[in-house]
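Below you'll find the structure, written out as structure tokens, and then a few comments.
2 protein chains.
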Amino acid sequence: MANSASGDSVVDRIVRLLSAFPEDVSALQLSELAERSGLPLTTAHRLVRQLADHGLLDAAPGGLVRPGLRLWELVNRTAPTLALRQAAMPFMEDIQQVLNQNVNLAVLDGWDALFVERLSRRGSVANRARVAGRMPVHTSSAGLALMAHQDRLLQSQYLDQFADPDGKVATDAVRLLLSETFHQGFAQLKGVVDPDTWGIAVPVLDARQRAVASLGVVVPLREMRLQALVPALQTAARGIARRLGDA
Amino acid sequence: MANSASGDSVVDRIVRLLSAFPEDVSALQLSELAERSGLPLTTAHRLVRQLADHGLLDAAPGGLVRPGLRLWELVNRTAPTLALRQAAMPFMEDIQQVLNQNVNLAVLDGWDALFVERLSRRGSVANRARVAGRMPVHTSSAGLALMAHQDRLLQSQYLDQFADPDGKVATDAVRLLLSETFHQGFAQLKGVVDPDTWGIAVPVLDARQRAVASLGVVVPLREMRLQALVPALQTAARGIARRLGDA
DNA sequence: GCACCGCTTCCGTTGAATGGGACGCTCCCA
DNA sequence: TGGGAGCGTCCCATTCAACGGAAGCGGTGC
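This is the structure we're talking about:
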């Protein structure tokens, strides 16, 4: 901007401001927001007021700032995941009712699985896969199911990430995981997230057999009915794929 | 901005850009986006690129623009409705299963009910209450349930809206609706949205008996078990309120 | 081959964005 | 009770980032 700036644009600043809100919640003091976003207090104050004028933020008197309803509305009525969510919800509900387990839906974003929707079982084991949460590909069954069914090119780019620290060992391990996942048709991760749970996920494939999403469940470690879970998930995943194709 | 501008700030422009996406979907041509947002093509192009650099938009080559995953993520992990949604989901699922009807959750924003969550029954009648959709207070059972349990001050400000065109007639009609809703403890609207449906909604009340949300169902017109629906909704609403209070 | 249309890049102009400084408030501790 | 710390808010001269018209480029249809 004008005047000796840190070299970033207004857009940068706005993104920094929006990103500054911590994962869990909601209300933040103006001064803290300024510090978190690395902006001078004055600048943060002005931007917050401007954003609040549009309802993208909600600035309570006293400098208490929280995300605005209008921002939520704008994003959620045009979200890139809207069609996916609509197609998937009925099947996720079926899974939830029939298997009585936590169900989640994820897409691939960078090298993470981004969880788009989640239904949790009552009295369930903890499910870390929060909505809008992320998990690295190789530490989540959802991530593995997604990555295992991608372009060769993307996969090798992904695997290159692991080459840095330790040569090829880590790379080979992940490659093996992906290969198993691909050939089995589902990903299974035992106790990575939470030592007492299994994660199981299947890909939702498009017409070219690329994973556009993953459908998964998180079940207690003692649960032994894996054989029953996988076909149910795969059936649901096909149903989702069909509805996506229709639209 | 710099140079003879239309008098709006960068923030204004960004909001115009984000708001320009039509309700239904997702991909928009750059030129069309520019026109919808009322920005010069060049400006729209530059802003889109900047926003795309941060993942807030997704600019495909050829000028095809869609909302970005990162924006969705940012908003949905810090959303003002997050706690509400988490508290409400289990109860909404219960309602959906027990009553086998469409369920929706709304909050008041301005003079509209803003629908925050929705579960739809399989093979159900059409439910216009889309997620992130809006309906005016007086044309939705959710809106009535919300407005009937607000400050006197807010209510009278709301009612003043109707004074303009036709004197007091419309105002009195709405006032009556609100009063009925308040004393009954639930709102009921027959065939306003869709001639073949009922809308029924109850408020989720905080400790001061103010509605922070509404819980509603949309049922086919022939459905006669109103007496069974209302207590179930009220019970669920109390459950939601209790979980909100705990947190 | 020409004309059209849309995305992209370039570049001189300029006023909007910037942020240090000052003010006023409240709260807390001496 | 008085002083000081911490906070949000307002002011305003400086200046560089944002602006957008114009030209370039690639594709498509006549």
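Same order as they appear, the protein sequences are chains A and B.
Residues 1 to 247, numbered by the working numbering, are exactly what the first sequence covers, in order.
Residues 1001 to 1247, numbered by the working numbering, are exactly what the second sequence covers, in order.
Beta carbons: idealized from backbone N, C-alpha and C, even for Gly.
| When burial is assigned at 16 or more other CB atoms within 10 Å of the CB, is G1110/B buried or exposed? | For this step, residue 1110/B is matched to residue 110 along the second sequence. By the neighbour-count rule (16 or more Cβ atoms within 10 Å), G1110/B is not buried but exposed.
| Is there a Cβ from chain B that is less than 8 Å from the Cβ of P220/A? | The count along the first sequence starts at 1 and reaches residue 220/A at position 220. No, its Cβ sits nowhere closer than 8 Å to a Cβ of chain B.
| message | On the criterion of 16 or more Cβ atoms from any shown chain inside 10 Å, does R1222/B qualify as buried, or is it exposed? | response | Here residue 1222/B is taken as the residue at index 222 of the second sequence, counted from 1. Result: exposed.
| Where the alpha helix (DSSP H) containing L144/A begins and where it ends | One-based indexing of the first sequence puts residue 144/A at position 144. From DSSP, the alpha helix (DSSP H) with L144/A extends over S141 to A148.
| Check whether N1102/B and V1218/B have beta carbons under 8 Å apart | In the second sequence, residue 1102/B corresponds to position 102, counting from 1. In the second sequence, residue 1218/B corresponds to position 218, counting from 1. Cβ atoms of N1102/B and V1218/B: closer than 8 Å.
| request: Give me the Cα-Cα distance between L257/A and P80/A, rounded to the nearest whole angstrom. | output: Residue 257/A cannot be examined here, being either before or after the span of chain A that is shown, 1 to 247.
| Close Cβ partners of Q1227/B (< 7 Å) along its chain, the five nearest in sequence each way excluded | Translated into the one-based positions of the second sequence, residue 1227/B becomes position 227. The answer is none, since no qualifying residue turns up.
| Complete alpha helix (DSSP H) runs within the segment 1150-1199 of chain B (minimum length 4 residues, chain order) | 1152-1160, 1163-1166 and 1169-1184
| field | L105/A and L215/A closer than 8 Å at C-beta | value | As a first step, residue 105/A must be located in the first sequence, where it is residue number 105. As a first step, residue 215/A must be located in the first sequence, where it is residue number 215. Cβ atoms of L105/A and L215/A: closer than 8 Å.
| task | Determine, using beta carbons only, whether S1156/B comes closer than 8 Å to chain A. | result | Here residue 1156/B corresponds to residue number 156 of the second sequence, with the count starting at 1. So no, S1156/B is outside the interface.
| Closer than 9 Å, Cβ to any Cβ of chain A: which residues of the segment 1032-1063 of chain B, in chain order? | L1047, Q1050, L1051, D1053, H1054, G1055, L1056 and D1058
| query | CB-CB under 6 Å to V125/A, same chain, minus the five flanking residues each way: which ones, in chain order? | reply | Residue mapping note: residue 125/A aligns to position 125 of the first sequence, counting from 1. Because the pLDDT at V125/A is just 46, under 50, the model does not fix this residue reliably, and the value given afterwards should be weighed accordingly. These residues qualify, in order along the chain: T197 and P220.
| Are the segment 40-48 of chain A and the segment 1048-1062 of chain B in contact at 8 Å, needing three or more beta carbon pairs? | no
| field | Member of H45/A, D246/A, R130/A and R77/A whose CA lies at the smallest distance from the CA of V1116/B | value | Within the second sequence, numbered from 1, the residue matching residue 1116/B stands at position 116. For the residues H45/A, D246/A, R130/A and R77/A, the minimum Cα distance to V1116/B belongs to R77/A.
| Neighbour list for P1080/B in chain A, Cβ cutoff strictly below 8 Å | Counting from one through the second sequence, the residue named residue 1080/B turns up at place 80. Those within 8 Å of P1080/B in chain A are S26, D58, R66, P67, G68, L69 and W72.
| said: For L114/A, tell me which candidate among V137/A, E93/A and R121/A has the shortest Cα-Cα distance. | reply: In the first sequence, residue 114/A corresponds to position 114, counting from 1. Checked all of V137/A, E93/A and R121/A; the closest Cα to L114/A is V137/A.
| query | Which residues in the same chain as L159/A place their Cβ atom closer than 7 Å to its Cβ, once the five residues preceding and following it in sequence are excluded? | reply | Within the first sequence, numbered from 1, the residue matching residue 159/A stands at position 159. Cβ within range, chain order: T171, V174 and R175.
| Based on the DSSP output, what are the partners of L66/A in its beta bridges? | Locating residue 66/A in the first sequence gives position 66, where the first residue counts as 1. In the sequence under discussion, the amino acid at residue 66/A is Arg, which differs from the Leu named in the question. For R66/A, which the question treats as bridged, DSSP gives the partners D58/A.
| request: Could you tell me the boundaries of the beta strand (DSSP E) in which E117/A lies? | output: By 1-based counting over the first sequence, the position of residue 117/A is 117. Its beta strand (DSSP E) spans residues D112 to L119.
| Are the CB atoms of S141/A and L189/A nearer to each other than 8 Å? | Translated into the one-based positions of the first sequence, residue 141/A becomes position 141. Translated into the one-based positions of the first sequence, residue 189/A becomes position 189. In contact: S141/A and L189/A (Cβ atoms closer than 8 Å).
| chain B within 8 Å of V217/A, Cβ atoms only | As a position in the first sequence, residue 217/A is number 217, starting the count at 1. Not closer than 8 Å to any Cβ of chain B, the Cβ of V217/A fails to qualify, so no.
| said: Is A1126/B close to chain A? Criterion is C-beta to C-beta, closer than 8 Å. | reply: Taking the second sequence and counting its residues from 1, one reaches residue 1126/B at position 126. Below a pLDDT of 50, predicted positions are generally treated as unreliable, and A1126/B, at 48, falls in that range; the measurement from the model is reported next regardless. So, not an interface residue.
| task | With DSSP as the reference, label P1231/B as helix, strand or coil. | result | Here the question's residue 1231/B lines up with position 231 in the second sequence. Note: P1231/B maps to helix in three-state DSSP.
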